[in-house]
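Student: Before I ask anything, let me first share the structure, which is written out below as structure tokens.
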Amino acid sequence: MEEIVSTVQAWVAWLEEQPYLYALVAVTVLVLLALISNWVTKHVLLAGLTRGLRQTRLGQDHLFEESRVITRLSNVVPALVLSSGVVLIPHLPDFVVTVVRNVATAFIILSVALAVANFLTILNRLYERRPDAAMKPIKGYVQVVKIVIYVIAVLLIVATLIDRSPVILLSGLGAMAAVLMLVFQDTLLSLVASMQITSNDIIRVGDWVEMPGLSADGDVIDISLHVVKVQNWDKTITTIPTRRFIDTAFKNWRGMQQAGGRRMMREIMIDQQSIRFLSNDELEHLQRFSLLNDYIKKKHDELSEWNHELEGSGADTINSRRMTNIGTFRAYISQYLKHHPGIHQELFMLVRQLAPTADGLPLQVYGFTNDTAWAVYEGIQSDIFDHLFAIIPEFGLRVYQHPSGVDMREVGAALAASQQVEKEQKKDLEELDKEESENEDSDNDNADNEESSQKKAAQRTNAAPESGDSA
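Position 166, counted from 1, in the sequence shown is what full-length UniProt numbering calls 166; the numbers after and before it change by one each time, with no gaps.
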């Protein structure tokens, strides 16, 4: 053992006589120590700490593993070994020691800054799990803090690398304020917009927003400092600058979702030529509808009273009031909506006539469904109008529709059939005229023959007496 110690001492003494070789060996040993410390930190300490965190509720969520906070902090250990050990190596030039220490210190600052930024990301993700996180997102503020951390880290790294005090760099920032304002213009505008969005509760994650000018129509899936991401209904993603939600008009459908009702507003185009008064037989027919019993009775009493007063005043009966099929159908729709299970009865409801057009009389149905889900809403609306279109003929009304190809073919076929009938009728008339003409000619011939026979008979009668006289 003494021989080994003496041999090592002899080698050290010999190396001390060779300063450059001694420094090279010392640097090699320092690098090996840094690598060993890095391996021990990540494979022993970090692995043990990770296993310990997995036993906790937070560690089971794998947030720390995904964010790599501990991994980035572990990079500080080998940098500290290099920064501290390089000073102990003799025969190294001062500038080499300074460069190694400054680079190691800058690396430590960068690792700590990245670790803190990742830790802020963890805090934001934990906050987003709260029920009220969508109402008050903090992602924009977290990004602002990250920017501040990165700016400070850059200043410290630059000051460390050039071996100057950070105060000297900060003193020069005053002259660069205008440049910094220009560089960070978008960031500052986005920061102000994010604060206004959060404080005024303009949009939340999960809101349905509609911004036609930017081709956005869908749900908000992310609100960050600079952009808001909207997933459209066709599953495309529209990225919108955050400040555009302050200076550009857009529609937020959150109020509809909170109210629990989705608006239904659609028109039925009625053929105006089918609008008329109802006869007594038709009123009796419509009284079979349970939804119209009260309306018809009330309306009948109202009109009877009016007409009775009209008769007493001696006015013409043309001024009397009568029930129309369009008014009765409008009342039927109102009662149908009031009794429909898919209509929100506490929200506004209306059935009205709009101004007549060349395409018919618009009869508008306005109301709210009690379910805001798109598929359910469309199903309720379609079910209502399926029924209305099918029952319109019961009121003697027709839905207006522009003539289609089938209609034109039917009209053409009817016209051709009509022309064929006219031709046949004309042919029959011609044949009838011909027969009548032939009959007239035959009658004339018979009359002539009869007249000739009568003349001959008269001649024979006259001739007989003359022959007697001569005898």
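Glycine included, each C-beta is placed from N, C-alpha and C at the ideal position.
1) Specify the secondary structure class of Asp219 as computed by DSSP and reduced to three states.
2) Taking Cβ to Cβ, would you say Thr328 is nearer than 8 Å to Leu363?
3) Asn252 bridges to which residues according to DSSP?
4) Return the CA-CA distance between Lys136 and Gln196, expressed in angstroms with no decimal places.
5) Taking the DSSP output, what are the residues bridged to Phe245?
6) Using the DSSP secondary-structure output, state which residues sit across from residue 495 in a beta bridge.
7) What's the call for Met265, buried or exposed, on a 16-neighbour Cβ count within 10 Å?
8) Tell me which same chain residues have a C-beta within less than 7 Å of the C-beta of Asn319, skipping the five on either side of it?
9) Which first and last residues belong to the beta strand (DSSP E) in which Pro362 is found?
10) In whole angstroms, what is the alpha-carbon distance linking Leu189 and Lys251?
11) Near Gln353, what residues of its chain come up, given a Cβ to Cβ distance below 8 Å and the 5 sequence neighbours on each side ignored?
12) DSSP puts Lys229 in a beta bridge; with which residues?
13) Can you have a look at Asn124 and say buried or exposed, based on whether 16 or more other CB atoms are within 10 angstroms of its CB?
14) Could you check the C-alpha separation between Asp428 and Val399 for me, to the nearest Å?
15) Looking at the structure shown, is Asp469 part of a helix, part of a strand, or coil, going by DSSP?
16) Select from Thr187, Leu155 and Thr242 the residue whose C-alpha is nearest the C-alpha of Arg204.
17) Mark Ala471 as exposed unless 16 or more other C-beta atoms lie within 10 angstroms of its C-beta, in which case mark it buried.
18) Helix, strand or coil: how does DSSP classify Leu350 here?
19) Taking the alpha carbon of Lys299 as the point to measure from, which residue in Ser279, Met323, Val167 and Arg164 has its own alpha carbon closest?
20) Give me the DSSP bridge partner(s) of Thr357.
21) Name the residue from Asp186, Gln272, Ile296 and Met269 whose alpha carbon lies nearest to the alpha carbon of Asn280.
22) Tell me whether the segment 206 to 224 and the segment 151 to 158 touch, counting them as touching only if at least three CB pairs, one residue from each stretch, are closer than 8 Å.
23) With distances taken Cα to Cα, identify the nearest neighbour of Val103 among Val142, Asp186, Leu397 and Asp163.
24) On the three-state DSSP scale, how would you describe Thr372?
25) Return the residue from the list Ile246, Ser437, Gly218 and Met181 that minimises the CA-CA distance to Trp233.
26) Taking Arg398 as part of the beta strand (DSSP E), name the residues at either end of that continuous run.
27) Just to check my reading of the structure: Gly85 and Leu33 have Cβ atoms closer than 8 Å, yes? What is that Cβ distance to the nearest angstrom?
28) Just the C-alpha distance for Arg72 and Ile380, rounded to the nearest angstrom, thanks.
29) Between the C-alpha atoms of Val44 and Val81, what's the straight-line distance to the nearest angstrom?
30) When the Cα of Thr198 is compared with those of Ser215, Met256, Lys139 and Ser111, which residue comes out closest?
31) For a quick check, are the C-beta atoms of Ala159 and Ile246 less than 8 Å apart?
32) Please classify Pro90: is it buried, with 16 or more other beta-carbons within 10 angstroms of its beta-carbon, or exposed?
33) Could you tell me which of Val40, Pro393, Val69 and Glu431 sits nearest to Pro78, measuring between CA atoms?
34) When burial is assigned at 16 or more other CB atoms within 10 Å of the CB, is Gly412 buried or exposed?
35) My assumption, with CB atoms under 8 Å, is that His340 sits in contact with Ile384. Please give the rounded CB distance.
36) I'd like to confirm the pairing. Which residues does DSSP put opposite Phe277 in its beta bridges?
Tutor: Taking the coordinates as given:
1) strand
2) no
3) Val209
4) 11 Å
5) Partner(s): none; Phe245 has no beta bridge.
6) A question about residue 495 goes unanswered here, because the residues of the chain that appear run from 1 up to 471.
7) exposed
8) Leu310
9) Leu361 to Thr369
10) 22 Å
11) Ile326, Arg330, Leu361, Pro362, Leu363 and Gln364
12) Asp222 and Thr239
13) buried
14) 41 Å
15) Any reading at Asp469 must be qualified, since the residue scores a pLDDT of 46, below 50, and its modelled position is unreliable; the value itself is stated next. Helix, per DSSP.
16) Thr242
17) Note that Ala471 scores a pLDDT of 38, beneath 50, so its modelled location is shaky; the value from the coordinates is reported in the next line. Label assigned to Ala471: exposed.
18) strand
19) Met323
20) Gly360
21) Ile296
22) no
23) Asp163
24) coil
25) Gly218
26) Unbroken run through Arg398: none, as it is neither H nor E.
27) 7 Å
28) 56 Å
29) 17 Å
30) Lys139
31) no
32) exposed
33) Val40
34) exposed
35) 6 Å
36) Thr324
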